[in-house]
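Report on the structure given below.
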Amino acid sequence: MKLDYQLKKVEKNTKARLGEFQYLGKTYETPMFMPVGTQATVKTLSPEEIKEMHAGIILANTYHLWLRPGMDLVEKAGGLHKFMNYDGPILTDSGGYQVFSLAKNKKKDITEEGVHFKSHIDGQNLFLTPELSIQIQNKLDSDIAMSFDECPPARADYEYLKASVERTIRWAKRGKEVHKNPNQMLFGIVQGGAHKDLREYSAKETVKLDFDGYSVGGVANDHESKEDMYKAIDYSIPYLPENKLRYLMGIGEPIDILEGVIRGIDIFDCVSPTRLARHGHALTKYGKINLKNAKYKEEFTPICDHCDCYACQNYTKAYVRHLITANETFGARLLSIHNIRFLIRMTEQIREAIKNNTILEYKEEFIKNYYGDKNE
RNA sequence: GCGAAAUUGGUGAAGUGGUUAACACGCCGGAUUGUGGCUCCGGUAUGCAUGGGUUCAAUUCCCAUAUUUCGCC
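Note that the first sequence covers residues 430 to 805 in this note's numbering.
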């Protein structure tokens, strides 16, 4: 059954929104952070652990699941929920981002019909179209499907971005026409780099197609500046309907989640908590720390004081450092648990601040702790 | 006791009579934003067992000493 979003409140001093939706008898609140489970698993974690962290929606990837194990197999298994044993909501990315990063010769490989690219598994030539992406997502039976978009960097030249925005709108329309799963929402994606007019055009035209929700895309490419990201949000949000979910794709860092919320974003996803974990980094109230650093060798204290996660409740920095150094997977698990819980707890605090109309104070306090004297 | 070979950083090691001693691992840092799961990028021996000698110049040649390994008595 389609999840049904309700806007509960807009914070007094900013555009920050408090909202909720029901799913299988449970109520979920936004703003929300969605952990990424590319290949039908949040790397190193079980669904039980994910739920224990109070995660809501998790993200899975159309491209990866299409290549392996294949959409027909997942359908045969009874859909993604049954296949991976997760009874919370699942969002599938369309593959647009992967395809863009895998297309070798971008100008030649991206055509009106779709995108030619090579499989990262065996190098075979593949062709993905907006229709196929939606059909795959229909079969995966996720709760939210994403339109197949082109995801160019904000720094691409204006003429290219303009043509790309127009093509993404045509692709969105084509995808919507073949979308057949009545239990699945379909989101449109706003593109246009950091250009005001392109974002406005993209947002208005996408909203005309009447999607179940909207996302701001094209902000998580390499070397994108934070200023451009914030512009992209600011230029897109005014044209999006109030009563639909707004999703900032691929973000992010704690500060970016906060900035996104203040600008009117409801949901976020990002690989960073789990990728950072695998590389030995932990998010803490006082900034990101690298547990591989020698100074943690004998610190027999939790990763983060006052953290309620399983890792902090039971293990020390010295132990986690040892696991990471020795390349033991349990280290990656503990840090994944911690980092995801850190971002989820942050969204819990953000919701509380929205209720109290204190989001700006929360932001100031957060920056003071997280960045210390370094800047801002 | 005799003979032979060896001795280069934390480790395994390459190498040359002449400016910065290769490479790998480790170690020390950094990176990572719609995930190509062990990735990427830096730094890391002022010194080549010790002491003499030859030479304009020695880690590289010679001698002695020490240590190690192998063989013989």
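Even for Gly, the Cβ is constructed at its ideal location relative to N, Cα and C.
> So what's glycine 454 in DSSP terms, helix, strand or just coil?
Replying inline: coil
> Could you give the residue range of the alpha helix (DSSP H) that holds arginine 603?
Replying inline: 587 to 607
> So serine 644 is in the beta strand (DSSP E); what residue range does that whole segment cover?
Replying inline: 642 to 645
> Of the residues Glu682, Tyr664 and Ile691, which one's Cα is nearest the Cα of valine 700?
Replying inline: Glu682
>> Just to confirm my understanding: we take leucine 772, look at its own chain, exclude 5 residues before and 5 after, and list those with CB closer than 6 Å. What are they?
In response: Phe462 and Pro702
>> Would lysine 726 and alanine 740 be called neighbours here (beta carbons separated by less than 8 Å)?
In response: no
> Taking the alpha-carbon positions, what's the histidine 708 to alanine 761 distance?
Replying inline: 8 Å
>> Bridge partners for asparagine 554 per DSSP, in chain order?
In response: Lys547
>> I'd like the list of long-range same chain contacts for leucine 436, defined as Cβ closer than 7 Å, with 5 residues on each side in sequence excluded.
In response: Arg446, Gly448, Glu671 and Asn672
> What number of angstroms, rounded off, separates the C-alpha of alanine 711 from the C-alpha of asparagine 756?
Replying inline: 16 Å
> Roughly how many angstroms lie between the CA atoms of proline 383 and glutamate 542, to the nearest whole one?
Replying inline: No answer is possible for residue 383: it lies beyond the span of the chain, which begins at 430 and ends at 805.
>> Distance check for serine 665 and histidine 624, CA to CA, integer angstroms please.
In response: 10 Å
> If we ignore side chains and look at the alpha-carbon of each, how far apart do tyrosine 492 and histidine 735 end up?
Replying inline: 39 Å
>> Among the candidates Ala706, Gly617 and Cys733, whose CA atom is the shortest distance from the CA of lysine 714?
In response: Cys733
> Excluding five sequence neighbours on each side, which residues of the same chain lie with their C-beta closer than 7 Å to the C-beta of histidine 821?
Replying inline: Absent from the structure is residue 821, since the part of the chain shown begins at 430 and ends at 805.
> Around the Cβ of methionine 430, are there at least 16 other Cβ atoms within 10 angstroms (buried) or fewer (exposed)?
Replying inline: exposed
> Which one or two residues does DSSP pair with histidine 710 in a beta bridge?
Replying inline: Asn719
> Along the chain, where does the alpha helix (DSSP H) that runs through cysteine 741 open and close?
Replying inline: 739 to 743
> In the structure shown, what three-state DSSP assignment does tyrosine 676 receive?
Replying inline: strand
> DSSP on valine 749, reduced to helix/strand/coil?
Replying inline: helix
>> Within a Cβ cutoff of 8 Å, which residues of the same chain sit near glutamate 805, ignoring the five residues on either side of it in sequence?
In response: Because the pLDDT of glutamate 805 is 37, which lies under 50, any placement of that residue in the model is unreliable, and the question is left without a value.
>> I need the DSSP call for glutamate 478, collapsed to helix, strand or coil.
In response: helix
> Are the region 568 to 583 and the region 495 to 503 touching by the rule of at least three beta carbon pairs closer than 8 Å?
Replying inline: yes
>> Rounding to the nearest angstrom, what Cα-Cα distance links leucine 615 and phenylalanine 697 in this structure?
In response: 16 Å
> To which residues of the same chain is glycine 466 closer than 6 Å at the C-beta, ignoring the five residues directly before and after it?
Replying inline: Ile487 and Ala489
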